[in-house]
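Residue numbers (our numbering), protein chains in the order written: chain H, -5 to 239; chain P, 21 to 265.
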């Protein structure tokens, strides 16, 4: 019953944020973009580089055992760009962007500022929720390409330093194997993950009730729900793009 | 780098205090219960979804080359055991436990309960940090076992009922040796030490009101996640350099 109520609440937040979209506050959108976009870039790049390096080292276990050094870059990059890069970046963003958004909205709700906005005749969805939702989606989309680039660079570095594979061979393999649709699928996933994180973290923040401890509980709930949503969406999008759902 | 140094210092201080004062077993039992029970549902749902996504990814990427995804099953289980299982269980535990520990200790630090503990002859390192570190080391391999089993089971079911393939291949340990399991468990245990260490570090440092506890919670989750990625990358590089595949 609680899950049903939470789903209903989530649908209402999504519908009201969409309706408020055309009148959203531009200044809050820019603030969200600066905070969640540029503020998260370093973390996203670190995670992406590590993910790229790890996937290359693991893929090497299979390609190198067949003596196929020349396909390492292509094989690993498809997995990095389409699956593991977007997934790992979204997981860490659930803990960073999602938690920050929930904590901010939770504190505003508890402090009575959300009610005060209504009292002044302003719609909190136009002022706070729609800009944060759109800001999270845009921030994730803007982070995606630098993160992809960093992930491939992490893979190149691991291949050169640990496995002795020349960067030229690695990039040639990427050129042969990786298609534009692999990058686009990764971008699509990142945008959908961003929407899920923005929506779930906003809902958790707005439904915060109680004292300061309630904000902590809302943050924990928001992170867990975002992570589960990201993993479910990952399967759904992969299966959908593959024509199975 | 600063975080790494601070974490190592915290580990050294905690070990010294534990050797001097002993480990409180009742707190250890409470932490085992809390950390295990709170994270298990997340790990089961998350790894279940990932197991299904792995089959979808294999169908998408490998089918044009291998015709039937049944041949991808044993290498996928090998990869899950060595790499993807530990990194995903570690990631989910970092977000859940890192934030939980930082929030708990941060609330205590902010409420001056740590000072009260010292005044009554207690020691926050031996009585609060050490049980969390030991519980993390003990809980993570259990979570890894549960997550790996769930991922393999969901992959088997998805391959059988969604993709019409022989799902038994996804639980076939043909390519997975005892050494791969030892490697996976060792990584999970080391991550189990690093995650509570990062959470405790940010929790103990929290000062300056409820917003500081919120900031510590987010920092605890993200630092735990980055520490987990660093451990995984180090292990993968070492393993590849030693030619352990």
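Ideal Cβ positions, reconstructed from N, Cα and C, are used throughout, including at glycine.
The structure presented is a predicted model; accordingly, all values stated were derived computationally and were not measured.
Would residue i be called buried (16 or more neighbouring beta carbons within 10 Å of its own) or exposed?
i                      : result
residue 131 of chain P : exposed
residue -1 of chain H  : exposed
residue 55 of chain H  : buried
residue 161 of chain H : exposed
residue 77 of chain P  : buried
residue 57 of chain P  : exposed
residue 5 of chain H   : exposed
residue 179 of chain H : buried
residue 53 of chain H  : buried
residue 119 of chain H : buried
residue 34 of chain P  : buried
residue 228 of chain H : buried
residue 140 of chain H : exposed
residue 60 of chain H  : exposed
residue 169 of chain H : exposed
residue 77 of chain H  : buried
residue 112 of chain P : buried
residue 145 of chain P : buried
residue 80 of chain P  : buried
residue 139 of chain P : exposed
residue 85 of chain P  : exposed
residue 116 of chain P : buried
residue 28 of chain P  : exposed
residue 57 of chain H  : buried
residue 42 of chain P  : exposed
residue 9 of chain P   : Here chain P covers residues 21 to 265 and nothing more, so residue 9 of chain P does not appear.
residue 2 of chain H   : exposed
Nearest to residue i by CA position, among the options, is which residue?
i                      : options                       : result
residue 167 of chain H : H/87, H/91 and H/72           : H/72
residue 141 of chain P : P/88, P/175 and P/37          : P/37
residue 142 of chain H : H/130, H/174 and H/115        : H/174
residue 147 of chain H : H/234, H/202 and H/42         : H/42
residue 99 of chain P  : P/254, P/55, P/197 and P/119  : P/197
residue 75 of chain H  : H/60, H/210 and H/149         : H/149
residue 95 of chain P  : P/255, P/257 and P/192        : P/192
residue 200 of chain P : P/39, P/91 and P/103          : P/103
residue 257 of chain P : H/11, H/64 and H/155          : H/155
residue 109 of chain P : P/232, P/90, P/67 and P/86    : P/67
residue 216 of chain H : H/111, H/103, H/200 and H/10  : H/200
residue 90 of chain P  : P/105, P/32, P/65 and P/185   : P/185
residue 135 of chain H : H/221, H/90, H/187 and H/49   : H/187
residue 234 of chain H : H/213, H/108, H/123 and H/182 : H/182
residue 168 of chain P : P/143, P/255 and P/65         : P/65
residue 105 of chain P : P/261, P/203, P/232 and P/244 : P/203
residue 92 of chain P  : P/101, P/247, P/183 and P/190 : P/190
residue 195 of chain P : P/83, P/134 and P/101         : P/101
residue 122 of chain H : H/133, H/132 and H/108        : H/108
residue 86 of chain H  : H/26, H/39, H/208 and H/11    : H/39
residue 25 of chain H  : H/117, H/95 and H/3           : H/95
residue 216 of chain P : P/162, P/170 and P/244        : P/244
residue 68 of chain H  : H/32, H/29, H/172 and H/152   : H/172
residue 255 of chain P : H/36, H/104, H/9 and H/49     : H/49
residue 28 of chain H  : H/177, H/133 and H/209        : H/133
residue 261 of chain P : H/131, H/106, H/157 and H/89  : H/157
residue 79 of chain H  : H/213, H/203 and H/177        : H/177
residue 209 of chain P : P/134, P/107, P/32 and P/44   : P/107
Can you pull the chain A neighbours of residue i, defined as C-beta to C-beta under 8 Å?
i                     : result
residue 81 of chain P : Of the protein chains in the structure, H and P, none is chain A.
Sufficient close CB pairs (3 or more, under 8 Å) joining the stretch 126 to 144 of chain P to the stretch 230 to 240 of chain P: yes
Meets three-Cβ-pair contact criterion under 8 Å: the stretch 46 to 56 of chain P and the stretch 145 to 153 of chain P: yes
Beta strand (DSSP E) runs contained entirely in the stretch 102 to 165 of chain H, provided each spans 3 or more residues: none
In chain order, each beta strand (DSSP E) run of at least 3 residues that lies wholly inside the stretch 40 to 75 of chain P: none
Cβ pair count under 8 Å reaching 3, the stretch 165 to 181 of chain P against the stretch 61 to 74 of chain P: yes
4-residue-minimum alpha helix (DSSP H) runs that sit fully inside the stretch 29 to 116 of chain H, ordered along the chain: 33 to 57, 66 to 73, 79 to 87, 93 to 104 and 107 to 113
Every unbroken alpha helix (DSSP H) within the stretch 175 to 231 of chain P, with a cutoff of 4 residues, ordered by chain: 198 to 225
Touch test, the stretch 95 to 107 of chain H against the stretch 190 to 199 of chain H, Cβ-Cβ under 8 Å, three pairs minimum: yes
Touch test, the stretch 121 to 128 of chain H against the stretch 155 to 165 of chain P, Cβ-Cβ under 8 Å, three pairs minimum: no
The stretch 215 to 224 of chain P in contact with the stretch 13 to 20 of chain H per 3-pair CB rule at 8 Å: no
Minimum length 4: unbroken alpha helix (DSSP H) runs contained in the stretch 169 to 206 of chain H: 174 to 200
Any 3 or more C-beta pairs closer than 8 Å across the stretch 31 to 47 of chain H and the stretch 242 to 252 of chain P: yes
Alpha helix (DSSP H) runs contained entirely in the stretch 135 to 181 of chain P, provided each spans 4 or more residues: 150 to 181
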